[in-house]
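What follows is a set of notes on a single structure, which appears directly below.
Right, here's the structure in full:
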């Protein structure tokens, strides 16, 4: 149906035909029409009088709250839901969908009607779903009237909502702590860096505590990106493992539920302003921050090519099992393993780790060496790996070597695996009596630290050679009884050597564990946080400053934003520049007289006979000249201020000059005179000249300033193009 009258008639007929119920879902612009349009209002009341149940769902805002209060007296129940965009009505027999734009007071000119059962069922289900998610109108109105903060925790999936909410989270923060992978740093740079710049500007002015960022700086690309953020004042630290990507401010927490690849918005966004969540994530961030490395140190290491070790403490035995098997399957040159007990060998044979090493030797010619205690229960299994024969399928056995060592010498409670002399996996035995790997293994440590890995290789090689020496000594003892004393001495030396090796193992284990302890503490902290969380602390910072200055700064910042976004709108019209300047100068003269500032003279020099006409925005031009006069008056305690305007024939432009004998422009201000927040006055925002520059350039002109040659005062000038016929 087309036409406003037809739309209204169709709605009235819809109300008249309804016998049991009418469910209405409308955006925030519609409640006012429902109570203002008398035919619609009467249709609601007539339906209610016939016993038709009326449910109305909309978004209640500060703008439509009065209409919603009246609507509550008409319908049976009114509910609120944020961000409603759909517009439809449904009864037991009909479905109507007015085609509505988000324009207040405008009636739809088109409407979609249907009585198809499938469409009715689908939209009834949609309405009921939205209705169940909504809150009562009374609660929403009370929140608006009393200024109550509504605490909520949501998972957002729509891109538009996620982007809007994430931007709001950044803009509304007073403090900001972020923990993300490096690809999220690139995402923020691509999409929200303007907001980051604004936050850092606020931080410089004491209006924000700044940004702390935890990320993983892995290569030169991520290092270069981090340097951009560092240059703007963001404080960054590096950690190897990012347990979860999240950002937390003083008001709310935002996080991605799953790891997000690339530089796009996360598929699902977790947001909450619940104080307990905010406190929890702030505490989590602080613990991670303690273990971070200064980004500049990390970047310096990358730039000079220094290696950076990846050390991971693995509390879950299932994770250690998967890593163990994968390391064996991906070995390219060598696998060395030291089993501290017979049971350790049997468990990992059962798990498939020994079989994985066998396949590596068979398929990729990988060298496999194993150190383990001797025991009858394992002899047959060991023989199946190493026994030499001439069968072609057993050729791989030349690549496998197993040596036995006394368990007393292996006085350790950890299985050691080193692959290709590049990575190590140390698995502590929690309970050696268990028959499965997952039950027996406790904490494990993975490392690709070159020094750490080679230390374990050295231990293994020494023990490997030691077994050879030990065997030779045993054989010599059997053959040469006459050499008992010599053999005893050699045995004593071996025991000393064994003790030294054990001490070396303990020292190496301790030195490797020491940098891991903070990570272990963090794991315990995360586990302990699953219970009740303490009441959150009071916010550390507030931003309650001088209200008048803040309001003025807000207005200036709106202009700054429009200038930076190139969205500054000009309402140009033909105007007499002489009249504009004369009026402004007279206003300032009046102000000086009222302030009894008689030590300052304000002069104007204009060509009355040949007035200058230009195409310009009167209000914006007034803003520029007023700003220049304000500065001149502010910095001239006594002396003269002169304003003049003249026509430059060569460029067909007019130049306006404001000259004073005041303090002049400070040497520290001059290089950044027209930049944002350039000010040496405690009363100024430092935005006036930046805004003036934007306005003049939007008119196609230029503005500049300089100190006077005699050292007294300054001169500011700007040019504007003239009409073609002047």
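In my numbering, the protein residues as written are -11 to 714.
No residue lacks a Cβ here, since even glycine has one placed at the ideal position from N, Cα and C.
Taking 8 Å as the cut-off, does the CB of residue -6 come closer than this to any heavy atom belonging to the ligand PLP? As for the ligand PLP, it is missing from this structure, which has no ligand bound.
Taking the DSSP output, what are the residues bridged to residue 242? Counted from its first residue, the chain shown places residue 242 at position 254. Paired residues: 235, 259.
Is DSSP giving residue 403 helix, strand or coil here? The residue you call residue 403 lines up with position 415 of the chain shown. Taken through DSSP and simplified to helix, strand or coil, residue 403 comes out as strand.
Would residue 402 pass as a contact of residue 417 if the rule is Cβ separation under 9 Å? Locating residue 402 in the chain shown gives position 414, counting from the first residue. Locating residue 417 in the chain shown gives position 429, counting from the first residue. The answer is yes: Cβ separation under 9 Å.
Which same chain residues end up closer than 8 Å to residue 653 when comparing Cβ atoms and leaving out the 5 residues on each side of it in sequence? Indexing the chain shown from 1 puts residue 653 at position 665. Cβ within range, chain order: 661, 693, 694, 695, 702.
Nonlocal neighbours in the same chain, by C-beta distance under 6 Å from residue 63, ignoring five residues either side: Your numbering for residue 63 matches position 75 in the chain shown. Counting only Cβ-Cβ distances below 6 Å, and skipping sequence neighbours, we find 42, 44.
Extent of the continuous alpha helix (DSSP H) run through residue 316: Start at 1 with the first residue of the chain shown, and residue 316 comes out as number 328. Taken as a continuous stretch (DSSP letters only), the alpha helix (DSSP H) holding residue 316 covers 305 to 317.
Between the beta-carbon of residue 31 and the beta-carbon of residue 3, is there less than 9 Å? For the purposes of this step, residue 31 is identified with residue 43 of the chain shown, where counting begins at 1. For the purposes of this step, residue 3 is identified with residue 15 of the chain shown, where counting begins at 1. Against a cut-off of 9 Å, the Cβ pair of residue 3 and residue 31 comes out as a contact.
Top-ranked residue by Cα proximity to residue 48, from 39, 59, 36: Along the chain shown, read from residue 1 onward, the residue named residue 48 stands at position 60. Of the listed residues, the one whose Cα sits closest to residue 48 is 59.
From the DSSP output, read off the bridge partner residues of residue 626. Here residue 626 is taken as the residue at index 638 of the chain shown, counted from 1. DSSP output for residue 626 lists no bridge partner at all.
On the DSSP bridge assignment, give the partners of residue 226 in chain order. Counting from 1 along the chain shown, the entry for residue 226 is found at position 238. Note: residue 226 sits in a beta bridge opposite 203, 281.
According to DSSP, which residues form a beta bridge with residue 46? Here the question's residue 46 lines up with position 58 in the chain shown. Residue 46 is bridged to 68.
Report the CB separation of residue 561 from residue 608 in whole angstroms; it is logged as a contact under 8 Å. Residue mapping note: residue 561 aligns to position 573 of the chain shown, counting from 1. Residue mapping note: residue 608 aligns to position 620 of the chain shown, counting from 1. Between residue 561 and residue 608 a beta carbon distance of about 11 Å is seen, past the 8 Å cut, so the two are scored as non-contacting.
Do you know offhand how far residue 61's Cα is from residue 125's? As a first step, residue 61 must be located in the chain shown, where it is residue number 73. As a first step, residue 125 must be located in the chain shown, where it is residue number 137. Roughly 12 Å between the two C-alpha positions.
Between the Cα of residue 427 and those of 419, 433, 602, spot the shortest distance and give me the residue it belongs to. Against the chain shown, residue 427 aligns to sequence position 439. Ranking 419, 433, 602 by Cα distance to residue 427 puts 419 first.
Straight-line gap, residue 351 to residue 341 (C-alpha atoms, nearest Å): Translated into the one-based positions of the chain shown, residue 351 becomes position 363. Translated into the one-based positions of the chain shown, residue 341 becomes position 353. Each residue's alpha carbon lies about 15 Å from the other.
Have a look at 205, 164, 408, 277 and flag the residue whose alpha-carbon is nearest the alpha-carbon of residue 354. Position 366 of the chain shown holds residue 354. Of the listed residues, the one whose Cα sits closest to residue 354 is 408.
Short check: CB of residue 388 to CB of residue 455, under 9 Å? One-based indexing of the chain shown puts residue 388 at position 400. One-based indexing of the chain shown puts residue 455 at position 467. For residue 388 and residue 455, no; Cβs fall outside 9 Å.
If I measure Cβ to Cβ from residue 225 and keep anything under 7 Å in the same chain, skipping five residues before and after, which residues do I get? Walking along the chain shown from the start, residue 225 turns up at place 237. So the qualifying residues of the chain are 202, 277, 280, 281, 282, 283.
Entirely within the region 671 to 707 and at least 3 residues each: give me those beta strand (DSSP E) ranges in chain order. Within the region 671 to 707, the complete beta strand (DSSP E) runs of at least 3 residues are 690 to 695.
Please report the residue range of the beta strand (DSSP E) in which residue 86 lies. In the chain shown, residue 86 corresponds to position 98, counting from 1. For residue 86, the uninterrupted beta strand (DSSP E) segment begins and ends at 83 to 86.
Contact between the region 228 to 241 and the region 265 to 274 is defined here as three or more beta-carbon pairs at a separation below 8 Å; is this criterion met? Flag = yes, the region 228 to 241 and the region 265 to 274 touch.
DSSP three-state call for residue 191: helix, strand or coil? As a first step, residue 191 must be located in the chain shown, where it is residue number 203. DSSP places residue 191 in helix when its eight states are reduced to three.
Could you tell me if residue 373 is buried or exposed, where buried requires 16 or more neighbouring beta carbons within 10 angstroms of its beta carbon? Here residue 373 refers to the residue found at position 385 when the chain shown is read from its first residue. With 16 or more Cβ atoms within 10 Å of its Cβ, residue 373 is classed as buried.
Taking the C-alpha atoms as reference points, what is the distance between residue 649 and residue 699? Here residue 649 is taken as the residue at index 661 of the chain shown, counted from 1. Here residue 699 is taken as the residue at index 711 of the chain shown, counted from 1. One C-alpha to the other measures close to 9 Å.
Straight-line Cα distance separating residue 180 from residue 330: As a working mapping, residue 330 is identified with position 342 in the chain shown. As a working mapping, residue 180 is identified with position 192 in the chain shown. One C-alpha to the other measures close to 59 Å.
Contact check, residue 425 vs residue 339 under 8 Å by CB: the rounded distance? Locating residue 425 in the chain shown gives position 437, counting from the first residue. Locating residue 339 in the chain shown gives position 351, counting from the first residue. Their Cβ separation, rounded to whole angstroms, is 5 Å, which keeps residue 425 and residue 339 in contact under 8 Å.
Just to confirm, is the Cβ distance from residue 84 to residue 26 under 9 Å? Within the chain shown, the letter at position 96 stands for residue 84. Within the chain shown, the letter at position 38 stands for residue 26. In this structure, residue 26 does not lie closer than 9 Å to residue 84 by Cβ.
Does DSSP classify residue 709 as helix, strand or coil? Locating residue 709 in the chain shown gives position 721, where the first residue counts as 1. In the structure shown, residue 709 adopts extended strand secondary structure according to DSSP, grouped into three states.
Cβ atoms of residue 404 and residue 444: under 9 Å apart, would you say? On the chain shown, residue 444 is found 456 positions in, with the first residue counted as 1. On the chain shown, residue 404 is found 416 positions in, with the first residue counted as 1. Taking 9 Å as the Cβ cut-off, residue 444 and residue 404 qualify as a contacting pair.
Going by the DSSP bridge assignment, what does residue 432 pair with across the sheet? Working through the chain shown from its first residue, we reach residue 432 at position 444. According to DSSP, which records beta bridges pairwise, residue 432 is partnered with 302, 415.
The beta strand (DSSP E) with residue 326 in it runs from where to where? Along the chain shown, read from residue 1 onward, the residue named residue 326 stands at position 338. Looking at the DSSP string, the run of the beta strand (DSSP E) that includes residue 326 is 322 to 326.
Can you tell me where the beta strand (DSSP E) with residue 79 in it begins and where it stops? Indexing the chain shown from 1 puts residue 79 at position 91. 76 to 79 is the span of the beta strand (DSSP E), which, as asked, contains residue 79.
Element boundaries [alpha helix (DSSP H), containing residue 217]: One-based indexing of the chain shown puts residue 217 at position 229. Start and end: 208 to 219.
Hey, residue 593 and residue 631: beta-carbon distance below 9 Å or not? The residue you call residue 593 lines up with position 605 of the chain shown. The residue you call residue 631 lines up with position 643 of the chain shown. In this structure, residue 631 lies closer than 9 Å to residue 593 by Cβ.
Distance between residue 142 and residue 262 (C-alpha atoms, nearest Å): Walking along the chain shown from the start, residue 262 turns up at place 274. Walking along the chain shown from the start, residue 142 turns up at place 154. Distance between the alpha carbons of residue 262 and residue 142: 10 Å.
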